[in-house]
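Student: Please see the structure below; I have some questions.
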Amino acid sequence: MTTADLLGKILQVVMGLAVFAAVVGLLIFFIDKAPKKGRDYWQLALFLLPAMLFVVIGLVYPAIRTSLLAFQNNSGEWTFDNFIWMFTQPAAIRTLINTFIWVALAPIISTAIGLAYAVFIDKSRGEKYYKVILFMPIAISFVGASVIWKFVYEYRSGDREQIGLLNAIVVAFGGEPVQWMQTDPINTILLIVIMIWIQTGFAMVLLSAAIKGVPSEQVEAAQLDGTNAWQRFRNVTVPGIRGSLVVVFTTISIATLKVFDIVRTMTAGNFDTSVVANEMYTQAFRASEVGRGSALALILFVFVLPIIIYNVNVLRKQREIR
Amino acid sequence: MSSVAPAELPIGKALADGEAAELAETQPGSKAARVKKRLTSRTATIVSLVIAVLWTIPTFGLLVSSFRPAELINTTGWWTIFQNPGFTLDNYADVLFSSSSSSPQLGAYIVNSIAITVVATLITLVFAAMAAYAFAWIKFKWVNWLFIFVFALQIIPLQMSLVPLLQIFSNWLRPMQAWLHDIVPIIPEQNYLPLWLAHAMFGLPLAIFLLHNFISDIPADIIEAAKVDGATHGQIFFRIVLPLATPALASFAIFQFIWVWNDLLVALIFSGGTQDVAPITQRLAEMAGTRGQDWERLTAAAFVSIVIPLIVFFSLQRYFVRGLLAGATKG
Chain A
1 MTTADLLGKI LQVVMGLAVF AAVVGLLIFF IDKAPKKGRD YWQLALFLLP
51 AMLFVVIGLV YPAIRTSLLA FQNNSGEWTF DNFIWMFTQP AAIRTLINTF
101 IWVALAPIIS TAIGLAYAVF IDKSRGEKYY KVILFMPIAI SFVGASVIWK
151 FVYEYRSGDR EQIGLLNAIV VAFGGEPVQW MQTDPINTIL LIVIMIWIQT
201 GFAMVLLSAA IKGVPSEQVE AAQLDGTNAW QRFRNVTVPG IRGSLVVVFT
251 TISIATLKVF DIVRTMTAGN FDTSVVANEM YTQAFRASEV GRGSALALIL
301 FVFVLPIIIY NVNVLRKQRE IR
Chain Y
323 MSSVAPAELP IGKALADGEA AELAETQPGS KAARVKKRLT SRTATIVSLV
373 IAVLWTIPTF GLLVSSFRPA ELINTTGWWT IFQNPGFTLD NYADVLFSSS
423 SSSPQLGAYI VNSIAITVVA TLITLVFAAM AAYAFAWIKF KWVNWLFIFV
473 FALQIIPLQM SLVPLLQIFS NWLRPMQAWL HDIVPIIPEQ NYLPLWLAHA
523 MFGLPLAIFL LHNFISDIPA DIIEAAKVDG ATHGQIFFRI VLPLATPALA
573 SFAIFQFIWV WNDLLVALIF SGGTQDVAPI TQRLAEMAGT RGQDWERLTA
623 AAFVSIVIPL IVFFSLQRYF VRGLLAGATK G
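Each protein sequence line maps, in turn, to chains A and Y. Take the first sequence: its letters are residues 1 to 322, numbered as in my numbering. Take the second sequence: its letters are residues 323 to 653, numbered as in my numbering.
Dropping the structure here:
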């Protein structure tokens with residue numbers, strides 16, 4: 001990077017900020033000078049204008065267009081070929097299966113470990129530090145996390161000393177080192193481990209806050225009744241944090257469905273590890289199969305939808321009970 | 323009772339202390355219950371210690387390795403550091419400052435990441451706050467439906483937007499970027515504009531929702547009083563609403579900052595991948611793919627890429643957690 005490059009970049013940022021400030025200033029100017037007649041209407045419209053413009057251009061129109069593209073081939077004719085491809089080609093089916101494996105494992109394990117950890121460290125000394133340790137991966141990018149774990153999974157052939165922790169353990173117990181990332185199906189499982197490593201902290205923080213919200217009278221009453229810790233956990237804590245459990249589980253499920261960075265960085269979807277979001281990128285932007293990519297994006301949307309509907313329903317019921 | 327708890331496990335001690343106090347209030351003298359509880363708390367302590375260690379080891383191993391000389395990284399495990407000692411800063415010097423064409427030259431990419439993240443966060447924040455103010459405080463018939471609609475947009479996966487948005491950008495934004503380049507030649511043709519806009523577009527629904535929750539909680543009296551005094555909506559927004567909403571703005575700003583900084587997908591599609599624009603995550607992913615064996619560079623580069631969000635995270639952790647709780651429990 002030369003000094004001129006750096007100056008160019010700084011200039012870009014300054015210009016960008018200046019233009020942005022000018023746009024906001026102009027909007028506020030027009031808001032305050034709105035005509036007296038229907039004043040609130042105009043002001044509302046101007047306050048909403050930039051956000052609505054962005055959302056319509058960036059989300060609404062593209063979502064509609066992608067839904068249409070999913071039913072077109074590369075020459076723009078209407079067809080179901082993209083979906084036929086998705087549900088008949090072995091590679092594409094494998095992508096769908098892998099996505100289900102991800103969703104079946106990552107959310108439940110992250111939530112379970114996060115919950116156990118939150119319960120175990122609750123009200124303990126050093127709780128803050130225990131939390132930070134598990135929570136830190138949230139601030140690390142999926143790419144960074146992938147490199148961290150790529151190092152753990154590193155493989156050295158022959159008699160060379162293993163520098164990856166996992167193979168070193170295998171060798172220490174007398175096993176043969178494994179090329180983890182090239183070996184199906186263990187490679188998908190090991191990729192899921194990375195996701196669990198990232199998401200457990202999120203689950204732990206939310207559930208820990210929820211546990212602290214369970215009224216202590218209830219716990220004490222159960223104690224007086226002579227229940228043991230497990231019974232109290234099952235019958236007092238879990239019902240008390242049910243709403244948070246659902247939120248955590250569904251949020252991680254959605255994040256898992258959309259997982260892209262980990263697969264892209266670790267294997268780029270090779271060795272039978274591809275998932276829907278990665279395949280969508282590969283098809284639409286690497287293989288120029290826009291129709292197939294759009295169909296995969298649409299499928300992703302269809303997968304996400306029931307989870308969100310369930311989530312909203314549970315939250316609404318909870319609110320009614322209260 | 324605390325003297326019984328093992329001293330080397332501070333967490334168990336704390337648990338025992340807490341429970342002793344609790345028991346003294348509720349059921350003094352129930353010895354059997356006390357013993358049972360201590361046993362469970364000891365298992366709990368061990369399990370949570372094991373989890374904590376498991377979660378730390380991978381990052382720790384990478385950090386240790388990033389300070390080891392290349393030949394040691396590639397021939398010995400990092401856990402043998404005491405048998406094979408060696409410390410160097412060369413890896414960091416190489417990935418950050420070396421200008422040889424084979425080195426990753428991360429400096430330029432860090433500048434890109436900062437430029438992308440700061441501006442994208444600011445745009446999202448201001449536009450979202452304006453929309454949230456309108457939704458919360460300007461009464462109009464359809465406004466609630468519009469708000470629910472914007473809220474619902476969160477369910478659209480990013481992947482649904484990418485292809486059409488890229489088409490829009492290449493048809494409309496590219497000419498403008500070229501025009502900018504013609505007027506101010508120092509600005510490259512590939513510039514940050516598409517990334518700023520894309521990140522703002524994708525971040526807005528959640529931002530509007532979170533800020534609306536907060537801004538609608540501002541006491542109506544304050545707004546009304548300002549109106550009576552003749553303040554315009556523009557003045558109310560800048561002088562009253564924004565200052566009062568600072569905690570919420572801070573929470574979301576951290577969110578958006580970390581989210582944008584850590585993004586790979588949006589960068590892959592809208593950045594063009596050159597040193598002029600691409601963020602550090604994109605560079606790191608590229609290195610992991612093409613030079614997956616250069617561990618002396620990968621380890622150092624990975625740490626360079628995660629250190630800034632970690633600093634932001636640790637220094638503003640309280641806001642971050644608060645934002646997370648508000649977002650997840652209300653959503």
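Ideal placement from N, C-alpha and C gives every residue a C-beta, glycine not left out.
For the alpha helix (DSSP H) containing residue 429/Y, name the first residue and the last one.
Tutor: Looking at the DSSP string, the run of the alpha helix (DSSP H) that includes residue 429/Y is 428 to 459.
Student: Between the alpha carbons of residue 184/A and residue 273/A, how many angstroms are there, rounded?
Tutor: So the two alpha carbons sit approximately 8 Å from each other.
Student: Beta-carbon separation of residue 180/A and residue 190/A under 8 Å?
Tutor: Contact: yes.
Student: Looking at residue 205/A and residue 643/Y, is the spacing between their C-beta atoms short of 8 Å?
Tutor: Cβ distance < 8 Å, so residue 643/Y and residue 205/A count as in contact.
Student: In this structure, what does DSSP give as the bridge partners for residue 72/A?
Tutor: Per DSSP, 78/A.
Student: Does residue 239/A have its Cβ less than 8 Å from a Cβ in chain Y?
Tutor: Closer than 8 Å: no.
Student: Please classify residue 368/Y: does DSSP put it in a helix, a strand, or coil?
Tutor: Helix, per DSSP.
Student: Reducing DSSP to helix, strand and coil, say where residue 240/A ends up.
Tutor: It is helical.
Student: Let me see if you follow: with CB-CB separation under 8 Å, is residue 646/Y close to chain A or not?
Tutor: Yes, residue 646/Y counts as interfacial toward chain A.
Student: Can you tell me the Cα-Cα spacing of residue 536/Y and residue 615/Y, whole angstroms?
Tutor: So the two alpha carbons sit approximately 48 Å from each other.
Student: May I have the straight-line CA-CA distance separating residue 8/A from residue 250/A, to the nearest angstrom?
Tutor: Whole-angstrom Cα-Cα distance: 44 Å.
Student: Taking 8 Å as the threshold (beta carbon to beta carbon), is residue 453/Y in contact with chain A?
Tutor: It does; some Cβ of chain A falls within 8 Å.
Student: Once you ignore the five residues that flank residue 42/A on each side, which residues in its own chain have a CB closer than 6 Å to its CB?
Tutor: Taken in chain order, the residues that qualify are 34.
Student: Mind checking residue 217/A: buried by the 16 CB within 10 Å criterion, or exposed?
Tutor: Classification of residue 217/A: exposed, given that the 10 Å Cβ count is below 16.
Student: Quick check on the DSSP output: the alpha helix (DSSP H) that includes residue 552/Y runs from which residue to which?
Tutor: Taken as a continuous stretch (DSSP letters only), residue 552/Y belongs to no alpha helix (DSSP H), as it is neither H nor E.
Student: For a contact defined as C-beta to C-beta under 8 Å, what are the partners of residue 518/Y on chain D?
Tutor: Considering every chain present, this structure includes no chain D. Its protein chains are A and Y.
Student: Give the C-beta separation of residue 86/A and residue 296/A to the nearest angstrom, bearing in mind that I take them to be a contact with Cβ-Cβ under 8 Å.
Tutor: With a Cβ gap of about 7 Å, residue 86/A and residue 296/A count as contacting.
Student: Which residues in chain A have a C-beta closer than 8 Å to the C-beta of residue 524/Y? List them in chain order.
Tutor: Ordered by position in chain A, the residues that pass the 8 Å Cβ test against residue 524/Y are 58, 59.
Student: If you compare alpha carbons, which of 68/A, 91/A, 199/A is closest to residue 80/A?
Tutor: Among 68/A, 91/A, 199/A, the Cα nearest to that of residue 80/A belongs to 68/A.
Student: Where are the beta strand (DSSP E) runs, 3 residues long or more, that stay fully inside the region 380 to 412 of chain Y, in chain order?
Tutor: The region 380 to 412 of chain Y contains no whole beta strand (DSSP E) run of 3 or more residues.
Student: Within 8 Å (strictly less), CB to CB, does residue 7/A reach chain Y?
Tutor: True, the Cβ-Cβ gap to chain Y drops below 8 Å.
Student: Could you work out which residues of chain Y lie near residue 146/A, taking near to mean beta carbons separated by less than 7 Å?
Tutor: Those within 7 Å of residue 146/A in chain Y are 610.
Student: Residues in the region 371 to 402 of chain Y with C-beta within 8 Å of chain A's C-beta atoms, listed in sequence order?
Tutor: Per Cβ criterion, the list reads 373, 374, 377, 378, 379, 380, 381, 383, 384, 387, 395, 396, 397, 398, 399, 400, 401.
Student: Cα separation between residue 410/Y and residue 393/Y?
Tutor: Each residue's Cα considered, the two are about 12 Å apart.
Student: Is there at least one Cβ from chain Y nearer than 8 Å to residue 289/A's Cβ?
Tutor: It does not; no Cβ of chain Y falls within 8 Å.
Student: Ends of the alpha helix (DSSP H) at residue 144/A?
Tutor: Start and end: 142 to 152.
Student: For a contact meaning CB atoms closer than 8 Å, what does residue 555/Y contact in chain A?
Tutor: Ordered by position in chain A, the residues that pass the 8 Å Cβ test against residue 555/Y are 31, 32, 43, 47.
Student: Just reading off the alpha helix (DSSP H) that residue 128/A is part of, what are its end residues?
Tutor: 127 to 135 is the extent of the alpha helix (DSSP H) around residue 128/A.
Student: Between residue 475/Y and residue 59/A, what straight-line distance do the alpha-carbon atoms span, to the nearest angstrom?
Tutor: Spanning the two alpha carbons is a distance of roughly 7 Å.
Student: Indicate whether the contact test is met: 3 or more Cβ pairs, each with one atom in the region 105 to 114 of chain A and one in the region 580 to 587 of chain Y, closer than 8 Å.
Tutor: Output reads no: the region 580 to 587 of chain Y does not touch the region 105 to 114 of chain A.
Student: Counting along the chain, where does the alpha helix (DSSP H) carrying residue 91/A start and finish?
Tutor: It spans 90 to 121 - the alpha helix (DSSP H) in which residue 91/A sits, taken as one unbroken run.
Student: Give the C-beta separation of residue 517/Y and residue 442/Y to the nearest angstrom, bearing in mind that I take them to be a contact with Cβ-Cβ under 8 Å.
Tutor: Contact holds; Cβ gap of about 7 Å.
Student: Looking only at its chain, what residues have a beta carbon closer than 8 Å to the beta carbon of residue 125/A, apart from the 5 residues adjacent to it on each side?
Tutor: So no residue of the chain qualifies.
Student: Return the CA-CA distance between residue 349/Y and residue 248/A, expressed in angstroms with no decimal places.
Tutor: Confidence is the limiting factor: at residue 349/Y the pLDDT is only 45, short of 50, which leaves the residue's position unreliable, though a coordinate-based value still follows. About 36 Å.
Student: In whole angstroms, give me the CA-to-CA distance for residue 645/Y and residue 289/A.
Tutor: So the two alpha carbons sit approximately 39 Å from each other.
Student: Along chain A, which residues have their Cβ under 7 Å away from the Cβ of residue 485/Y?
Tutor: Per Cβ cutoff of 7 Å: 66, 69, 284, 290, 293, 294.
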